[in-house]
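Notes to accompany the following structure.
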Amino acid sequence: MRAVERHKASSSTAATGTCRTIEVSRKKIDMDLLYECGKGARFQIAEVIGRGRRGLVRAAVDTHTGERVAIKKISDIFEHVSDAIRILREIKLLRLLRHPDIVEIKHIILPSSPTDFKDIFIVFELMESDLHQVIMDNEDLTQEHHRFFLYQLLRALKYLHTGPFLSVVYLSFIFDWGVNFISKLTLMVLFFLLANVIHRDLKPKNILANADCKLKIDNFNLSRASFSDASSSIFWNVCDVLMMLCSFSYPFIKLSYTPEIDIWSIGCVFAEMLTRKPLFPGKNMLHHMDLITNLLGTPSAESIAGVRNANARKYLSGMQKKKPVPFSQKFPGLDPLGVSLLERLLAFDPNCRPSAKEALADPYFHGLANVDHEPTAQPISKVHFEFEKRKLTKEDVRELIYREVERI
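UniProt numbering puts the first residue of the sequence shown at 1, with every later residue one more than the last.
In structure tokens, the structure reads:
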């Protein structure tokens, strides 16, 4: 374990936060492991800093820039097509999403052959630890730490959750001045959509950390790029488009993956910072329901009706009435503004949770956040995720990953 010297931080702006350094540590992993990045001659491989289900993460130095980086090896990508698609999706998202609170993908070491490779090496910026380790190693995190950590996470979510909207409309009419005056009319709508990315796996171990209090969201393996049904095709039916333009409305549908999932997760992460233990360590769905209602009380009939899982809905409907535990009692060290925000983040009804932008405007962040000047997502075309509609073979995914690597 490597200790980092603690010191008091001088006051700083919202961009850096007013936060003294924290103690971070690297995981101790045996060094007697194969150095398998030889084909990445650009990188001088150093110690192993992590181990995942599909491979290792090693520290390295980029000899072109002198920068220390992390190289993640993903092994046997195509053992299961579903896993390969998740890797493809994560690579795409990390290439398209650039934000100071999201881990940056630097480079991918190209496979030697585009037709038979099974492993890839992804180069990320190097971070010192993760939030889970920070919470475990620091018993005296202050409210200042908690506030700055939460601010960074919500700022990242504001970027990820930027909703889809029609940004560019271009109409092209092609007239055929024939016998029937106009025998052909083609209307083409070209547009881009802002990123509406749902992370779906936010937890302390998926949030990287440095000793200067900097956090970055990592691991987009389960993430989804969400688009409304209106954007399912770049070319819309002429009548449908005209109807939309005449009514000045944008047709939305209820999405399978919604930002409220991530807001709930951030609330749980915030609570774990405060108590240094998971808020709802459920063993299964029903146990989770018990733990959640023990804190929040029995939800209203209206809220229960909105629960998608039929078994959970039935269980909640038959549950004995419970009273909520006051958050000021559950989290006695948190100031009243923090208590109020946490209650909003952990609202049982997703419709009652704030968006990331709304949460950043909460009085809890007074003097720290400037919502109007936080980074917003650049337009992302639906075309990047057309592969989601197809039934892909291993060979299809292999080709798509190789193309994506070439773009990076």
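Every residue gets a Cβ at the ideal spot worked out from N, C-alpha and C, and that includes glycine.
- The beta-carbon distance between I120 and I74, rounded to whole angstroms, is 5 Å. This is short enough to meet the 8 Å contact definition.
- Distances from the CA of E47 to each of E343, P326 and V61 were compared; the closest alpha carbon is that of V61.
- Annotated three-state conformation of L208 is strand, per DSSP.
- E358 sits in a helix when the DSSP states are folded into three classes.
- When the Cα atoms are used, L141 and L93 turn out to be separated by approximately 32 Å.
- The secondary-structure analysis by DSSP pairs Q44 across a beta bridge with V61.
- If you compare the alpha carbons of L150, I85 and H64 with that of I401, the shortest gap goes to I85.
- For F148 and K214, the gap between their C-alpha atoms comes out near 9 Å.
- Each residue's CA atom was taken as its position, placing L291 and E79 some 37 Å apart.
- Residue state for S300 is assigned as coil, using DSSP reduced to three classes.
- Between K216 and M136, the CB-CB gap reaches or exceeds 8 Å.
- Comparing alpha-carbon positions, the option among I122, Y151, K203 and D130 lying closest to K357 turns out to be Y151.
- At least 8 Å separates the beta-carbon of L341 from that of D372.
- Partner residues in the beta bridge of H107, as assigned by DSSP, are V123.
- 8 Å or more divides the Cβ of L279 from the Cβ of Y315.
- The way I'd put it, the segment 261-278 doesn't touch the segment 296-309; fewer than three beta-carbon pairs between them come closer than 8 Å.
- Here K72 is buried, its C-beta having at least 16 other C-beta atoms within 10 Å.
- In the DSSP assignment, V134 falls within the unbroken alpha helix (DSSP H) covering L131 to D137.
- By alpha-carbon distance to R398, the top candidate from L88, T63 and G66 is L88.
- For S317, the closest of V307, P326 and P324 by C-alpha to C-alpha distance is V307.
- Boundaries of the beta strand (DSSP E) harbouring K72: R68 to I74, taken from the DSSP string.
- Here F385 is near A225, since their CB atoms are less than 8 Å apart.
- By the Cβ neighbour-count rule, S223 is buried, with 16 or more other Cβ atoms within 10 Å of its own.
- For I22, there is no enclosing beta strand (DSSP E), as DSSP gives it neither H nor E.
- Between I122 and N221, the alpha-carbon positions lie close to 13 Å from each other.
- L141 carries a coil assignment under DSSP once its states are collapsed to helix, strand and coil.
- Distance between I108 and V405, taken at the CA atoms: about 6 Å.
- If you ignore the 5 residues before and after A312, its C-beta comes within less than 7 Å of the C-beta of M285 and M289, all in its own chain and listed in chain order.
- If you ignore the 5 residues before and after K323, its C-beta comes within less than 6 Å of the C-beta of G297, all in its own chain and listed in chain order.
- In this structure, DSSP gives I85 a helical state, which the three-state scheme calls helix.
- Taking a 10 Å sphere around the C-beta of V197, we find 16 or more other C-beta atoms and assign the residue as buried.
- Nearest neighbour of P259 by Cα position, chosen from R155, K205 and S355, turns out to be S355.
- Taking the Cβ atoms as the reference, V69 lies roughly 23 Å from K118, outside the contact range of under 8 Å.
- In the three-state DSSP reduction, L56 falls in the strand class (E or B).
- For R98, the number of other beta carbons within 10 angstroms of its own is below 16, and it is reported as exposed.
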